[in-house]
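S.K.:
There are 2 protein chains.
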Amino acid sequence: MNLIPAGKPALSGRLRATYLIETRYPLEVAAAAMAGEQSSGTFRAIPGETPELLRRFGARVEFISDVAEVDSEALPFSRSPKNATVRPRRAKVGLSWNIENTGTVLASVWSTVLGNLFELHHFSAMRLLDLTFPDAFADAYPGPAFAVEGTRRLTSVEGRPLIGTIVKPSVGLSPQETAALADTLIAAGLDFIKDDELMGDPPHSPFEHRFEAVMAVIDRHADRTGRKVMYAANISGDIDAMRRQLDLIERRGGTCAMLVLNSVGLSAVIEMRRHSAVALHGHRAGWGLFSRSPDLGMSYLAYQKFWRLAGIDHMHVNGLSNKFCEPDESVMASAHGCLTPMFERAGRPDTVMPVFSSGQSAVQAAETYTRLGSDDFIYCCGGGIMAHPGGPAAGVRSLHDAFEAAAAGIPARDYAATHPELEAALQAFG
Amino acid sequence: MNLIPAGKPALSGRLRATYLIETRYPLEVAAAAMAGEQSSGTFRAIPGETPELLRRFGARVEFISDVAEVDSEALPFSRSPKNATVRPRRAKVGLSWNIENTGTVLASVWSTVLGNLFELHHFSAMRLLDLTFPDAFADAYPGPAFAVEGTRRLTSVEGRPLIGTIVKPSVGLSPQETAALADTLIAAGLDFIKDDELMGDPPHSPFEHRFEAVMAVIDRHADRTGRKVMYAANISGDIDAMRRQLDLIERRGGTCAMLVLNSVGLSAVIEMRRHSAVALHGHRAGWGLFSRSPDLGMSYLAYQKFWRLAGIDHMHVNGLSNKFCEPDESVMASAHGCLTPMFERAGRPDTVMPVFSSGQSAVQAAETYTRLGSDDFIYCCGGGIMAHPGGPAAGVRSLHDAFEAAAAGIPARDYAATHPELEAALQAFG
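For the record, the sequence lines run as chains A and B. Counting in the working numbering, the first sequence runs from 1 upward without gaps. Counting in the working numbering, the second sequence runs from 1 upward without gaps.
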């Protein structure tokens, strides 16, 4: 047997990551501990760790940028160097890895840039701020198949954001009740509807029954309007079941499937992208685990890059003045991240369409549009449509009005003077 | 088409979860917000949310147990009720869900018990403490195929813990170098070896070459000893590649595959269990994301139940006096959790074998054994074997000595008087 690796193309380039850290160790020592743990090293030098191996496979500390001294540790259980009298210090640290360490395997990258780092005793804060993939990953993974352009094509929506909603109550409706609600929402003029992330394949609403019932409604309206509403049906579950559900969606003329990214995981999403003929809508439920502490986890900027490479077309980013606890600046940074290309290569778009939701209505529409500097997004409203004083159709109309005003640079309040649905929305939800 | 759900057996039972929370809201209001967000409700009552639907599908607040008032918020960005003057309060909250909400889909359970909870603005701390699955999940998922009994059978080790190690350096060794190191380690008397979690399928050590090279060494020693060392080869990657690698492991007579659980995700692990004929070794790299903040995330007690149901046979739990920042009590609670049955049913064991590692040597062996109250575990040492003053074989001997002493109730120091390898280990690593 030939044990010499052969037949694989040579890879080049480095994976680059930036972290926020907090430590009582000298910054150089702390950064070296990160680099060692996540590449060739361990805590102490070991026999096979030759200088040549370290040079080729050791993670490199690219920069250390001092931020500030702080009064006390943000996270517990860190340790101090012996006889340390200094206070904890915050810094940004840049690390890079030879792509030879991971090959172009996304799961290996996840292990490498996250992995054991959060448990190292040197640190009382550890957060991945950003991540840059070398070009070889653009060859290894297909990225989004539809993204902005494909989603516009599938929905026949041009020159404005897509307006959507989430079927509520989250759980409990039968397939027939879901279809009846979808009928009301689609009749109101929506472009996009989705299952709640809690609605999967339960006995009271089996996926295939719900999907068939909703698609019958969508088709009926498409016959009337010439436009097919996109339905992001939640397929999240075991691999075989997801594949069967994707097949049903394709066979039945659906255009989208939803995946709860953190619940099914990275390798499952990659597999669904390979199997899917429809757009993949990425829900981030559980994202708070990564983001809720500013001293731990990872930025959305880094997070969304994994799922984009895996092939997700739409990514949830929360919304301005949302009902959760994310500040507006964070929401907009996430959305901008989604629309920023990952690779500097022509020909294949790799951006992903941001999805705004959570307490949204015509009230935040103009600001969302203006701050994003683009109409390439999906804007999901629940109460902002269903609870509009003039009914759901007036709710949808108020959103069109709001985006028209924003596109024309006219303040919403002024535009509302001649657009009663917008006026009513601003009064009801403002 | 018949839209009436049929053909699925009726499900009964409730999913039960306990959380630690911190809030300025009245505890009842806060608990109701959790229950509403993660079941039928939204932040405000909506049309389809009938009393009957709420009764059947609404999450139930089972108990609220006040813990203490605290000085200030643990996590930022929470909001207070209007005119609130109270300080934040900590409590334990028990929620339960009708299994009809999720069916027996593990990914749906993940979305339900974690999901948006961490982002709710009511809370400045949110941590899942424990989780109990109804019996229907034991029917829906196969659980571990090997666990303790099967692992003992595959390795021919009875009446003592398995002694193992991790091939280091983590990355950089060629297949031939890895095999040479495996030769040294197996000659020293080990039961178990594993890849580092950073070593997957990179160009300098393609999985198939590495696996073949190491198996040749394992077979040669098995011919001599009659015992086949278990090699947990890291297959973590894309689904197709993992399946191919599992096939190779089975075809070539391997007995184990390693999965980096957080990197590949839940649905991928479930799929690998269905495909695998060998034991599945679960690495928890990235676990710090869930655990490092005491105010966020989830306990290992809850975490390991997902992977056990998915079918993992071995779960990493860190080790006593480890080189990371996890306290010893936490390590032992994790290990005890792994060996505690999930379902009260005879016939099929559903426990998972805990794996101790990180800075381990003969020094912690007796305490690990005694505190666990069992020898059903894998004990992985790196330096504790390779850096033993008498060489790797003496390192392995020192561990056998330590466990023999512990089993006989003899203090290690006393036993060391007549066991020089143990004596040397206690001096070198103590």
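Positions of the beta carbon are idealized from the N, C-alpha and C atoms, including for glycine. Bear in mind the structure is a predicted one, so any value in this text is a computation, not a measurement.
Between the Cα of residue 403 of chain B and the Cα atoms of B:428, B:275, B:391, B:373, which residue gives the shortest distance?
M.R.: B:373
S.K.: Do you know offhand how far residue 412 of chain B's Cα is from residue 366 of chain B's?
M.R.: 7 Å
S.K.: Of all the CB atoms in chain B, is at least one closer than 8 Å to the CB of residue 102 of chain A?
M.R.: yes
S.K.: With DSSP as the reference, label residue 141 of chain A as helix, strand or coil.
M.R.: coil
S.K.: Taking a Cβ distance cut-off of 8 Å, strictly less, list which residues of the stretch 344 to 374 of chain B are near chain A, in chain order.
M.R.: 359
S.K.: Out of A:139, A:186, A:106, which has the shortest C-alpha to C-alpha gap to residue 267 of chain A?
M.R.: Selected option, being the one with the closest Cα: A:106.
S.K.: Please list the partners that residue 307 of chain A has in chain B, where partner means a Cβ-to-Cβ separation under 7 Å.
M.R.: Under the 7 Å cutoff, chain B gives no residues; its nearest Cβ is about 11 Å from residue 307 of chain A.
S.K.: Is residue 202 of chain A close to chain B, meaning its C-beta is less than 8 Å from at least one C-beta of that chain?
M.R.: yes
S.K.: Please list the residues of the stretch 389 to 413 of chain B that have a C-beta atom closer than 9 Å to any C-beta atom in chain A, keeping them in chain order.
M.R.: The residues in question: there are none.
S.K.: Reducing DSSP to helix, strand and coil, say where residue 271 of chain A ends up.
M.R.: helix
S.K.: Which value, in whole angstroms, describes the spacing of the CA atoms of residue 229 of chain A and residue 280 of chain A?
M.R.: 15 Å
S.K.: By DSSP, does residue 406 of chain A sit in helix, in strand, or in coil?
M.R.: Here residue 406 of chain A sits in helix by DSSP.
S.K.: Can you tell which of B:183, B:160, B:250, B:262 has the C-alpha that lies nearest to the C-alpha of residue 197 of chain B?
M.R.: B:262
S.K.: My output table needs one value for residue 43 of chain B: the three-state DSSP class, helix, strand or coil.
M.R.: With a pLDDT of only 49 at residue 43 of chain B, under 50, the local geometry of the prediction cannot be trusted, and no value is derived from it.
S.K.: Residue ranges of each beta strand (DSSP E) run of no fewer than 3 residues wholly in the stretch 236 to 290 of chain B, ordered along the chain?
M.R.: 256 to 260, 279 to 283
S.K.: Just the chain B side, please: which residues come within less than 7 Å of residue 51 of chain A by C-beta, in chain order?
M.R.: Within 7 Å Cβ-Cβ: nothing; residue 51 of chain A doesn't reach chain B, min ~11 Å.
S.K.: Residues of chain B with CB under 8 Å from residue 56 of chain A, in chain order?
M.R.: 172
S.K.: Thinking residue 182 of chain A and residue 157 of chain A are a contact (beta carbons under 8 Å), I'd like their distance in whole angstroms, please.
M.R.: Not really, about 18 Å apart at Cβ, beyond 8 Å.
S.K.: To the nearest angstrom, report how far apart residue 43 of chain B and residue 116 of chain B are at their CA atoms.
M.R.: Residue confidence for residue 43 of chain B is low, a pLDDT of 49 falling below 50, so the modelled location carries little weight; the figure read from the coordinates is stated next. In this structure, the CA atom of residue 43 of chain B is about 12 Å from the CA atom of residue 116 of chain B.
S.K.: Taking just the CA atoms, how far does residue 226 of chain B sit from residue 151 of chain B?
M.R.: 16 Å
S.K.: Whole angstroms are fine: how far does the CA of residue 193 of chain A sit from the CA of residue 250 of chain A?
M.R.: 17 Å
S.K.: Does DSSP put residue 19 of chain B in a helix, in a strand, or in coil?
M.R.: strand
S.K.: For residue 396 of chain B, I'd like the list of residues in its chain whose CB is within less than 7 Å of its CB, leaving aside the five on either flank, ordered along the chain.
M.R.: For residue 396 of chain B, where only same-chain residues beyond five positions count, the Cβ hits under 7 Å are 163, 188, 189, 190, 385.
S.K.: Hey, residue 22 of chain B and residue 123 of chain B: beta-carbon distance below 8 Å or not?
M.R.: yes
S.K.: Taking only beta-carbon positions, decide if residue 116 of chain A is within less than 8 Å of chain B.
M.R.: yes
S.K.: So with CB distances below 9 Å, who are the chain B contacts of residue 464 of chain A?
M.R.: No answer is possible for residue 464 of chain A: it lies beyond the span of chain A, which begins at 1 and ends at 430.
S.K.: Less than 8 Å separating the beta-carbons of residue 165 of chain B and residue 380 of chain B?
M.R.: Yes.
S.K.: In angstroms with no decimal places, state the Cα-to-Cα distance between residue 125 of chain A and residue 90 of chain A.
M.R.: Distance between the alpha carbons of residue 125 of chain A and residue 90 of chain A is about 8 Å.
S.K.: Which residue from B:419, B:233, B:36, B:74 puts its Cα closest to that of residue 113 of chain B?
M.R.: B:36
S.K.: Name, in chain order, the residues that DSSP records as bridge partners for residue 314 of chain A.
M.R.: A:281, A:353
S.K.: So, at 7 Å on beta carbons, what are the nonlocal neighbours of residue 39 of chain A in its own chain, with the 5 sequence-adjacent residues on each side left out?
M.R.: Contacts found: 57, 58, 59, 97, 101.
S.K.: For the alpha helix (DSSP H) holding residue 338 of chain B, just list the boundary residues, first then last.
M.R.: 328 to 338
S.K.: Scan the stretch 284 to 318 of chain A for residues whose Cβ lies nearer than 9 Å to a Cβ of chain B and list them as they occur along the chain.
M.R.: 285, 286, 287, 288, 289, 290, 291, 292, 293, 294, 295, 296, 297, 298, 318
S.K.: Between residue 133 of chain B and chain A, is there a C-beta pair that is closer than 8 Å?
M.R.: no
S.K.: Nearest to residue 295 of chain A by alpha carbon, out of A:16, A:11, A:25, A:73?
M.R.: A:73
S.K.: Any beta-carbon of chain A closer than 8 Å to the one on residue 432 of chain B?
M.R.: Residue 432 of chain B lies beyond the stretch modelled for chain B, which goes from 1 to 430, so this question has no answer here.
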